[in-house]
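Heads up: the protein sequence lines correspond to chains A, B and C, in order. If you count by our numbering, then the first sequence holds residues 1 to 286, one letter each, in order. If you count by our numbering, then the second sequence holds residues 1 to 333, one letter each, in order. If you count by our numbering, then the third sequence holds residues 1 to 446, one letter each, in order. Worksheet: one structure, shown below.
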Amino acid sequence: MTTVPMPRRPLTGRRLLNKIAEHALAVAFALCFLLPLLISVLTAFMTQRQAGTGSLWPSPWDFGNFGRVFHAMPFGRDLLNTVIYAALATVGTVVSSVPVAYALSRLRWRGREAFFMVVLAAMMLPAQVTSLPLYVLYSHIGWIGTLKPLIVPSFFGDAFSIFLLRQFFLTIPEELTEAARVDGAGELRILLRVMIPMTRPAIAAVGLFAFLYAWNDFYNPLLYTGNSQSGQTLAVALTQLAKSGHQNAYQLQMAASLMFLLPILVLFFLAQKVFVEGIAMTGIKG
Amino acid sequence: MATTVARAGDTLGGARRRPAEGRRRRRPSKTRWWVVLLFLSPFVIGLATFVLYPVVATLYYSLTNFQAGSYRPVRFVGLNNYRTLFTRSDDFWLSVRNTLWMVIVMVPVRTVWAMLTAWVITRVKRGRSVYRTLYFLPSMVPVVAGALSFIVLLNPVGPLNKLLGLVGVSGPGWFSDPAWSKPSLVLMALWVSGNTMVIFSAAMLDVPRELYEAADLDGAGPLRKFRSITLPAISPVIYFSLLTGLIYTFQYFTEAFVVSGSSNVESSSNQLLGYPANSLLFYSTELYRQGFSYFKTGYASAMAWLLFLAIFAVTVVFIRASRRFVHYSGGAR
Amino acid sequence: MFKSIIGVAAGSALLLAGCTSAGPGSSQPDTAISAGASHAPTTINVWTFNHLPNEVAAFKSALARLHTTYPWLTVNFVPNKDDAAFAKAVAAGDPPDVFVSSAPDNVGKFCSNGTVADLGPFLSSAKVNMGATFPPATLVYTKYQGKQCALPLLTDAYALYYNKKMFAAAGITTPPKTLSELAADAKKLTVKNSDGSVRTFGFVSRSDYNGNRYMYTGVQSGNKFYGGDGKATFGTDPKWQQLLQWDKNLDDSYGAGNVQKFVGQYQPHADDASNPLLTGAAAMEYDGEWHVGEIDAAKKGLDYGVAPMPVLDSAASTYGVGLSLGTVAYLPAGSKHRQEGFFALQQLTTDTTFLNTLADTVSNVPSTFAALKSWDKASDPHWKPFVDMFSNPGSYYKTLTAAGEEDMDTWKAFVLKYEQGKVSDLPGGLSGIAKKIDDANAQAGQ
């Protein structure tokens, strides 16, 4: 994201007006983007009576909703499941995808290009196409209701991550790996000692994407664990909180949503650069 | 959404340029086969188990009357399931129509919106990163949490209609009104367009400033500058946004599922996919209903196969079309 | 990890070889356990659709009593499970031992595809006299093609709720008996605001509001969803047209936009304190008997009456009938403890104390003769119409089919389409929908 430095010019009346108009526009858009979040936050502090009525401002402020969430649903257990899923899926994706990406970018073998096309095709395949037989398969081996159908597949390589890593690996000058090879290093050693240290930001981005994907994942948990008491993840549990009781407990839902969202926001602000630049990179330069 | 969109999207950028690589320099000797196999083994096993097997099995299921969980004997029924889909299933066609509506409306509108917000970002200089963060922030919100927020925001007697009332507009029923439910989902898609916006703004900022200055000297108006300078520069991003949007919309599920299920509290706990009035019955939700509520596994498998073929066909067509309409600058890495 | 790979590989081979599920896995004979005998300690899973705290509490206390009486039986109780969740568990090979469903729509499906056990052998072994235990109306919706695949656990009926104060103010003395009287009263009771919006609706008939879809199953028009030949009657019986036209005319009299607003606003609040009958946004409403309990909980002082739902003018003689259906309890065929599961099922569905306690908690009507007799609410003016409806021989629920709830889903979608003015040819549309439902049933029965 480079900005071309511009010589500073004095602000004339018209330019000042232009600047104000630009900022007004930018602020208006920012408000549009923030409004839903703002409403969520405010609703989370409303009483049952007030939530969902169109009130914009909590009165009185009810700070108990966040605590009530823990009684309305097993939030702690669901959070733990979500963390386990996201953490293990991240590890699995990175560990299993890096070697494949390496083989696709540095090793020489017949059928490499064809294999890469297979990776691309696998990436395009929607979960809906594969889930019917997988459901039957998992049910036969007793995995339904456990976190296994969510976690285990990630240890067998993820097409998107392989693709992304391969693109990054290709940007590393061949001379470096070639030099190591001439020095007699094995491929595994080259991967661990040369490739990985040089592509750490890319691996971090892939890991981050995998983590986010798992944290947000709705379809797979709905299918494979949504039915069980013990394997519930937050994304699915939140939608069921909406239905508990005669009342629409908007305030609890919003409080729970915010708690669900918080770790992601923290992650985002900590790793904002990786995110924004990672996305920009994947978009055009991939 | 962020990841999914990025996921599908990267495909093409890379696919395009691949053949050149590896041939650029002298060819070193081939790696020993067992080393390659070692590196590939996890993925090869995964591919066989989680991709190839399901694809083949789905095709097989689709030719039977299989119902998972039922003790009824499985019979081979030939193309019956496909015949039913094409000739007798209103819901199937309704779900196709609803999905196409989203493809035709949501995908372009979202792209234009991302372009517009990116343009606003590139206009302001001071505080750009703050604005960019704010615009991008919603796309980090998990889809489920975002959908729940919008259910609160767009409640027929909720905050947004209250705000609209203040300026004298009587707001619609949003998610509860079959005529407004899909537009409401489009609104939600605009809210999470931050990732595409980031890509657009990066592309816009990459355009050398001198080009604009030269155009200024030639007396070109803003529209002309956009058409002959900005548009060619961002055409790969437009293409990227349309294609990823297309693929995403073909499998559009979570938003529709959450909105239909949560904005309708029925006395019976029956899940009402497609509420209100089946206006939100999309291809994937219908597939889920047939496959995992009614457990008509064979029938749903036929739907799954058609989806697979459709995505494949559309992608191929799109890639071919791109060669004609997308301008790639030679310098891209 | 290695184990998983082997498991997956073995599983794939097995599945590709032939994707049929194994038969029910129980090795126990289909006989009942005698209540007095000693028994090895067993834990069974009981799932129910109920999810409200008070209902869950009633279940838990009943199950605790069961455990006290029969200490060998421990129940792991799981609330908030709908039919789709149950079907998923069956497909996953891990069904509960007892499943309580909110509606009987899937009895035909679960029965015909073997998802649930035929209770016949158990019932005869336990010497349960069905006819003397359960009212006939409850057996209609628990049997499929002669097989007793479920037992009733409390029953429901739908009736017309009306605001007595508003009736008096509009000069209406008795509740309407026919649908045209209902429409006329509704128009009298409707109050519009100066801007054309509606402050009080007389009666909203749109099928996607609350339980209104049950008005369109035949009870109100004196005809049957399925004819004697098992085919849907929409194309052949003109009463369906009259019923739907009545519905659309009433809707249109308010203005379609106003009705849409009402449905959008109140649908999420059909059961809570913002219910339109309670807030005065509607003068009449069609709802199940549990609404009596909801009104008690939310607004005790409301002066309201309950009457049988009016019927189509051409079926005026049938007035007094009601749609009767109810909660049903299944014994899943794949249960690993079928005998114990049946034991719990029998206790729950026939225990008078439990039925009456649960009936009071969830505001339902008990489903055995014994429980009905000792039930203290039978003479309450709000409850009496429901009890009368049950004893009316014309009350029924539509025939259950192997396609399960698909027929109702399909019909519901059609009615909505018509209400939105998207069906230009009503007779043609009705014939088409009949064919579609027949096809679905034929396919499911294959």
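Yeah, the Cβ is synthetic: ideal placement off N, Cα and C, and Gly gets one too.
Short CB-CB distance (under 7 Å) between residue i and chain C
i: residue 26 of chain B; result: Low confidence applies to residue 26 of chain B: its pLDDT is 49, below 50, so where it sits in the model is not reliable, and the reading given next is rough at best. No, residue 26 of chain B lies away from the interface with chain C (no Cβ there is under 7 Å from its Cβ).
i: residue 257 of chain B; result: no
i: residue 157 of chain B; result: yes
i: residue 228 of chain B; result: no
i: residue 144 of chain A; result: yes
i: residue 359 of chain B; result: No information on residue 359 of chain B is available, as it lies outside the stretch 1 to 333 that chain B covers here.
i: residue 139 of chain A; result: yes
Secondary structure of residue i, DSSP reduced to three states
i: residue 80 of chain C; result: coil
i: residue 332 of chain C; result: strand
i: residue 325 of chain B; result: helix
i: residue 149 of chain B; result: helix
i: residue 228 of chain C; result: coil
i: residue 437 of chain C; result: helix
i: residue 125 of chain A; result: coil
i: residue 240 of chain A; result: helix
i: residue 397 of chain C; result: coil
i: residue 191 of chain C; result: strand
i: residue 113 of chain A; result: helix
i: residue 234 of chain C; result: coil
i: residue 288 of chain C; result: strand
i: residue 193 of chain A; result: helix
i: residue 117 of chain C; result: coil
From the options, residue whose alpha carbon lies closest to that of residue i
i: residue 283 of chain C; options: C:61, C:72, C:352 and C:303; result: C:303
i: residue 159 of chain B; options: A:77, A:133 and A:38; result: A:38
i: residue 311 of chain A; options: A:267, A:236 and A:179; result: Any property of residue 311 of chain A remains undetermined from this structure, which presents chain A solely from 1 to 286.
i: residue 93 of chain C; options: C:178, C:234, C:335 and C:203; result: C:335
i: residue 76 of chain C; options: C:344, C:355 and C:442; result: C:344
i: residue 171 of chain C; options: C:185, C:98, C:158 and C:177; result: C:185
i: residue 63 of chain A; options: A:131, A:45 and A:49; result: A:45
i: residue 225 of chain A; options: A:148, A:61, A:69 and A:49; result: A:148
i: residue 43 of chain B; options: A:56, A:195, A:118 and A:36; result: A:118
Boundaries (first-last residue) of the beta strand (DSSP E) holding residue i
i: residue 228 of chain B; result: Note, residue 228 of chain B: premise wrong, no beta strand (DSSP E); not H, not E.
i: residue 47 of chain C; result: 42-48
i: residue 163 of chain C; result: 151-163
i: residue 97 of chain B; result: Looking at the DSSP string, residue 97 of chain B is not in any beta strand (DSSP E); the run it does join, the alpha helix (DSSP H), is 90-123.
CB contact below 7 Å: residue i versus chain B
i: residue 114 of chain C; result: yes
i: residue 282 of chain C; result: no
i: residue 30 of chain A; result: yes
i: residue 109 of chain A; result: yes
i: residue 87 of chain C; result: yes
i: residue 439 of chain C; result: yes
i: residue 328 of chain C; result: no
i: residue 23 of chain A; result: yes
i: residue 265 of chain C; result: yes
i: residue 477 of chain C; result: Given that chain C is displayed from residue 1 to residue 446, the structure contains no residue 477 of chain C and the question cannot be resolved.
Contact with chain A by residue i, beta-carbon distance below 7 Å
i: residue 185 of chain B; result: no
i: residue 23 of chain C; result: Its pLDDT being 45, under 50, residue 23 of chain C is placed unreliably by the model, and the measurement read from it follows with that caveat. Residue 23 of chain C does not count as touching chain A.
i: residue 204 of chain B; result: no
i: residue 93 of chain C; result: yes
i: residue 115 of chain B; result: no
Residue i, enclosing alpha helix (DSSP H) - first and last residue
i: residue 131 of chain C; result: 130-133
i: residue 254 of chain A; result: 250-270
i: residue 206 of chain C; result: Unbroken run through residue 206 of chain C: none, as it is neither H nor E.
i: residue 135 of chain B; result: 128-136
Practice prompt. Give a yes or no on contact between the region 80-97 of chain C and the region 137-147 of chain A, applying the rule of three or more CB pairs nearer than 8 Å.
Written response: Short answer: they touch.
Worksheet item: Are the region 122-137 of chain A and the region 293-309 of chain B touching by the rule of at least three beta carbon pairs closer than 8 Å?
Response: The region 122-137 of chain A vs the region 293-309 of chain B: in contact.
Fill in: Contact the region 196-207 of chain B vs the region 215-226 of chain B: 3+ CB pairs below 8 Å
Note that the region 196-207 of chain B does not touch the region 215-226 of chain B; fewer than 3 beta-carbon pairs, one per stretch, sit closer than 8 Å.
Practice prompt. For the region 243-252 of chain B and the region 91-105 of chain B, state whether three or more C-beta atom pairs, one from each stretch, are separated by less than 8 Å.
Written response: The answer is yes - the region 91-105 of chain B touches the region 243-252 of chain B, with three or more Cβ pairs under 8 Å.
Worksheet entry | the region 230-244 of chain C / the region 305-314 of chain C touching (three or more Cβ pairs under 8 Å) | Output reads yes: the region 305-314 of chain C touches the region 230-244 of chain C.
Fill in: Any 3 or more C-beta pairs closer than 8 Å across the region 198-216 of chain C and the region 255-268 of chain C
Yes, they touch.
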